[in-house]
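There are 2 protein chains.
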Amino acid sequence: MARPREFDPEVAMDKAMGLFWDVGYEEASLADLLSEMGITKGSFYKAFRDKHSVYLSALDHYNDKVIGSTVAYLADQNQGSGKERILGLFTVVADRAKRNGNRLGCFLCNALVDKAAEGGEAEKKLQAMVRRLENAFYKAVIENPSVNETGARETARGILSAYFGLHVLGRAGLSSDMAEDCISQLRLQLDRSC
Amino acid sequence: MARPREFDPEVAMDKAMGLFWDVGYEEASLADLLSEMGITKGSFYKAFRDKHSVYLSALDHYNDKVIGSTVAYLADQNQGSGKERILGLFTVVADRAKRNGNRLGCFLCNALVDKAAEGGEAEKKLQAMVRRLENAFYKAVIENPSVNETGARETARGILSAYFGLHVLGRAGLSSDMAEDCISQLRLQLDRSC
DNA sequence: AAGGTTAGGAACCAATCGGTACAAAACACA
DNA sequence: TGTGTTTTGTACCGATTGGTTCCTAACCTT
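Chains as they are written, first to last, in numbering that gives the first Met the number 0: chain S, 0 to 193; chain U, 0 to 193.
This is the structure in structure tokens:
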């Protein structure tokens, strides 16, 4: 029995995530957020606590949507062997980076580098996401019965660092040159260890 | 025939670089810069044009000092084979990250992710630094007569992405767990391809 | 010692920052 | 059709942003 809100908080959060992803925490001013989310200040502070809490929610949002579907893809046995899925993921990342000069990179990777996280709740969220990715790689690697646990852990972490590295290069605008070679190297590495 | 300046521009620039490295461009306020550099506003604007030009100079400073010594190390044949030098560099990076929770990461990597660069002069500087690193890895790889040019280029780029990835993990505070495994994986990769 | 020249420091600037207060508007329910 | 409740938009807030002005302090040269 009151006025209904005129915007969908879910899509607003999606827009907020997009902006934080693109420009980081500090560089996303409140005015930018508002125009991106398509709402005004009043609605913003009615619906959310403050800028920082929206940032935290955006991290959760990213974890749900993007990391979630990434992990699901890595776990999907219909997509070929564990090795093939890992390489497939990297190919998708590389293609996305090459397409019309996409410079977004990976929100997780960008946020790890962004200083806005350090020490607080955001840092815990980020580390949890990294662990989640690590475990997804681990499970894909250990599907191969010829690798043991510690070898798979090592491999998963090697893949993780290559994954972030590829995203940094994408962010730098160098993916079109380098991505293919990075993937070729990853393939060699996986042929060796899984 | 005038009053001499009371600070050393070189060390002031070093301090400025340290702050930009630590917190990025936007998050380094002018007040922070001044207190870090140990000078006041008047001296700052007498000696430098503005904040952004100091950022550009800090990138050059990093290129001269840090990238320079890194490249020199990779080229120093007194430090063992090319492969050994590459692994040595990674070990140094990992040790530095583990030492008392160092979360600086790599200024180049941080700045690539930072949006402050895009489109302008900073971006060109950053890409040039990436190329410089890539070539340093390339030269270290191709020392081994059993690898050909395209293979060495591939390998160098794979190493580059692993290098940035390791720095991202260091920045995330996860180096102590993961760095060793990343290096083990890199060793496997280098055993295979150089 | 005097004059010329530059560095240093504080006062000040408009613009923007994130955030609050409050009145008008839009709905649900009676 | 009121009435109560929530959203929305705007005006406003103090604090901080990067940057300028300008006076004084300090030094070199003669």
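From the three backbone atoms N, C-alpha and C, an ideal C-beta is built for every residue, glycine too.
Distance check between residue 126 of chain S and each of U:158, U:168 and U:122 places U:168 closest, using alpha-carbon atoms only. Contact between the region 136-155 of chain U and the region 133-148 of chain S is absent: fewer than 3 CB-CB pairs across the two stretches fall below 8 Å. At a cut-off of 8 Å between C-beta atoms, residue 114 of chain U counts as an interface residue with respect to chain S. Shortest Cα-Cα distance from residue 124 of chain S to any of S:8, S:135, S:28 and S:106 involves S:106. Taking residue 151 of chain S as the centre and dropping the five residues before and after it, the same chain places the C-beta of 137, 140 and 141 closer than 6 Å to its C-beta, in chain order.
Within the same chain, Cβ atoms closer than 8 Å to the Cβ of residue 66 of chain U are found at 107, 128, 131 and 132, the five residues on either side in sequence being excluded. If you look at residue 167 of chain U, you'll find it in the alpha helix (DSSP H) that goes 148-170. Residues of chain S whose Cβ lies closer than 9 Å to the Cβ of residue 61 of chain U do not exist; the shortest such Cβ separation is about 15 Å.
Non-local C-beta neighbours of residue 20 of chain U in its own chain, meaning closer than 7 Å and more than five positions away in sequence, comprise 103, 106 and 109, ordered along the chain. Along the region 11-61 of chain S, the beta strand (DSSP E) does not occur as any fully enclosed run of 3 or more residues.
In summary, the residues of the region 101-112 of chain S whose CB is separated from some CB of chain U by less than 8 Å are 102, 104, 108, 109, 111 and 112, in the order they occur in the chain.
Listed along the chain, the chain S residues whose CB falls inside 8 Å of the CB of residue 170 of chain U are 111 and 112. Note on residue 160 of chain S: 16 or more other CB atoms within 10 angstroms of its CB, so buried under the neighbour-count rule. Apart from sequence neighbours up to five positions away, the residues of its chain that approach residue 164 of chain U with a beta-carbon distance below 8 Å are 181, ordered along the chain. In the DSSP annotation of this structure, residue 63 of chain U is not part of any alpha helix (DSSP H), being labelled neither H nor E. The distance from the Cβ of residue 6 of chain S to that of residue 38 of chain S is about 5 Å, consistent with a contact at the 8 Å cut-off. Residue environment: residue 29 of chain U is assigned as exposed (fewer than 16 neighbouring CB atoms within 10 Å of its CB, all protein chains considered).
In the structure shown, residue 6 of chain S adopts coil according to DSSP, grouped into three states. With a threshold of 16 other beta carbon atoms within 10 Å, residue 53 of chain U meets it and is buried. When Cβ-Cβ separations below 8 Å define contact, residue 180 of chain U makes contact with chain S.
Residue contact check for residue 145 of chain S against chain U: no CB pair falls below 8 Å. Neighbours of residue 191 of chain S across chain U, judged by C-beta separation under 7 Å: 187 and 191.
Exclusion of the five residues before and after residue 175 of chain U leaves 96 and 97 as the residues of its chain whose Cβ lies within less than 8 Å of its Cβ. The C-beta distance from residue 33 of chain S to residue 47 of chain S rounds to 11 Å, too long to fall under 8 Å, and the pair is not in contact.
Cβ contact annotation for residue 11 of chain S (same chain, cutoff 8 Å, sequence separation greater than five): 36, 37, 38 and 46, in chain order. Under the Cβ criterion of 8 Å, residue 19 of chain U is not counted among the residues facing chain S. Buried is the label assigned to residue 69 of chain U, since at least 16 other Cβ atoms lie within 10 Å of its Cβ. In this structure, residue 135 of chain U places its C-beta atom within 8 Å of the C-beta atom of residue 74 of chain U. If you ignore the 5 residues before and after residue 84 of chain U, its C-beta comes within less than 6 Å of the C-beta of 73, 78 and 139, all in its own chain and listed in chain order.
Against chain S, a Cβ distance below 9 Å from residue 165 of chain U picks out 160, 163 and 164. Interface criterion not met: the Cβ of residue 32 of chain S is under 8 Å from no Cβ in chain U.
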